[in-house]
Amino acid sequence: MSGADGLPARSRGVIALIEENCTSCMLCARECPAWCIHIDSRQETLPSATGRGRDTTRNVLERFAIDYSLCMYCSICVEVCPFDALHWSPEYAYAEGDIRDLTHEKGRLREWMWTVPPPPALDEHAEPAKELGAAEKAARRARR
Amino acid sequence: MTAPSWVARVEAAYVGAPGVGAGLDAAVEEELGLVSVDVPPERWADAVAVARESLGCTFFDWLSAVDELDDGFRVVCHLAARRTGAVEHLVVRTRIPRERPAVASVAGVYAGARWHERETHEMFGIDFTEDGAVLRLEGLLLPEEFEGHPLRKDFVLASRVAKPWPGAKEPGESDERPRPARARRRALPPGVPDPADWPGSTAQGER
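First to last, the protein sequences are chains E and B. The opening position of the first sequence corresponds to residue 27 in our numbering, with each subsequent residue numbered one higher. The opening position of the second sequence corresponds to residue 1128 in our numbering, with each subsequent residue numbered one higher.
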């Protein structure tokens, strides 16, 4: 079970990855001052849905790895990710006997996601999240 | 009557005439709760001495520098004064030119500053002087044969040379399959000097 119970919600223990959100845009790997994020992706071509338009391409993530022997827990990657694919988990107990095992590949990074706490509640009278407003607006429009 | 605030006391000691600090040409500022004093380099040692003599800063915490590129180096030291139930902090700063990076030693004020000056000397290549003579400071952390000053911004870290930048890949690219068509200009790692500018390098930069 979790060894990080009782830690504040914003503790920087380990970085978790929601692979589904990652577009392999490389922003985190480029911003990382410690050079500890490794991303490989390939381009896939999808035929146009209607059969008449142009084919579309998309990037498929092949490898996403964070080398925790280099990571300095600065959180820049988490901040910079435009798609909320990276999140802090308070879990800290992942010491290893072999330095190579400190490189967490995407499967392991995905598993950390289960330990990410829900975001703390907003302060009283705080502006609600933009996504909420957009979703409510869309729902109202659909009802009309 | 309440005691004057720490920043008021610092101001009185440094800019209040005719105090001990008169003629130091100091500028006191308070930012984010931290009081700092900027002095011209020729008054550096005097300014540090004033902190000890007039403000009771008996605790020397650290001394180091910041590479500010064309603006030269900022030499910084952090001092503290204890009073009942609290500690007051003071930062003393000066800026020295890049071409002639030298400043007076403050080891005469705080003997413990010598360690920090040795470290600053080897990491930034800043000279410390005593009575105008440059001190021959021994190294502290680096091996004897080490060349260069690793905390200068133009110093290229070996780990940045030995290993390719993970951010060089474009989206859709992998180590096994680099994309052949590269219309866009290659991105360069931030903070790492262009390979063409590396000392002793004959490499042509990708720019």
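We put the CB at the ideal spot given by N, CA and C, even for glycine.
Locate the beta strand (DSSP E) running through residue i, then write down its first and last residues.
i	result
residue 1189 of chain B	1186 to 1194
residue 1173 of chain B	Residue 1173 of chain B -> not in any beta strand (DSSP E); alpha helix (DSSP H) instead, spanning 1171 to 1182.
residue 1154 of chain B	1154 to 1158
residue 1257 of chain B	1254 to 1257
residue 1161 of chain B	1161 to 1165
Using beta carbons (cut-off 8 Å, strictly below), is residue i in contact with chain E?
i	result
residue 1191 of chain B	no
residue 1132 of chain B	no
residue 1234 of chain B	no
residue 1302 of chain B	yes
residue 1285 of chain B	no
residue 1290 of chain B	yes
residue 1280 of chain B	no
residue 1339 of chain B	With chain B represented from 1128 up to 1334, any question about residue 1339 of chain B goes unanswered, as that position is not in the structure.
With 16 as the cutoff for other CB atoms within 10 Å, does residue i come out buried or exposed?
i	result
residue 1300 of chain B	buried
residue 27 of chain E	Bear in mind that a pLDDT of 45 at residue 27 of chain E, under 50, signals an unreliable position, so the model cannot answer this.
residue 39 of chain E	buried
residue 140 of chain E	exposed
residue 148 of chain E	exposed
residue 1255 of chain B	buried
residue 109 of chain E	exposed
residue 1334 of chain B	Annotation note: pLDDT 37 at residue 1334 of chain B (below 50); position unreliable, coordinate value reported separately. So residue 1334 of chain B counts as exposed.
residue 1169 of chain B	exposed
residue 1296 of chain B	buried
residue 131 of chain E	exposed
So, does the CB of residue i fall closer than 8 Å to a CB anywhere in chain B?
i	result
residue 52 of chain E	yes
residue 61 of chain E	yes
residue 111 of chain E	no
residue 151 of chain E	no
residue 85 of chain E	yes
residue 88 of chain E	yes
residue 41 of chain E	no
residue 27 of chain E	Any reading at residue 27 of chain E must be qualified, since the residue scores a pLDDT of 45, below 50, and its modelled position is unreliable; the value itself is stated next. Output row for residue 27 of chain E: interface = no.
residue 65 of chain E	yes
residue 56 of chain E	yes
Starting from residue i, follow the alpha helix (DSSP H) in both directions and report where the run begins and ends.
i	result
residue 101 of chain E	Per DSSP, residue 101 of chain E belongs to no alpha helix (DSSP H) and is neither H nor E.
residue 1137 of chain B	1133 to 1141
residue 1288 of chain B	1285 to 1289
residue 173 of chain E	Because chain E is modelled from 27 through 170, residue 173 of chain E falls outside the range shown and cannot be assessed.
residue 147 of chain E	It is not in any alpha helix (DSSP H) - residue 147 of chain E carries neither H nor E in the DSSP assignment.
residue 158 of chain E	156 to 169
Taking the DSSP output, what are the residues bridged to residue i?
i	result
residue 92 of chain E	E/63, E/130
residue 1129 of chain B	Residue 1129 of chain B pairs with nothing; no bridge assigned.
residue 1203 of chain B	B/1191, B/1220
residue 84 of chain E	E/70
residue 1261 of chain B	B/1256
Does residue i have its Cβ less than 8 Å from a Cβ in chain C?
i	result
residue 1305 of chain B	You won't find chain C in this structure, because its protein chains are E and B.
Can you list, in chain order, the stretches of the beta strand (DSSP E) that have 3 or more residues and sit fully within the stretch 40 to 65 of chain E? 40 to 43
List in chain order: all unbroken beta strand (DSSP E) runs of 3+ residues lying wholly within the stretch 112 to 137 of chain E. 112 to 115, all fully within the stretch 112 to 137 of chain E.
Start-end ranges of the beta strand (DSSP E) lying completely within the stretch 1205 to 1247 of chain B, minimum 3 residues: 1213 to 1223, 1229 to 1231
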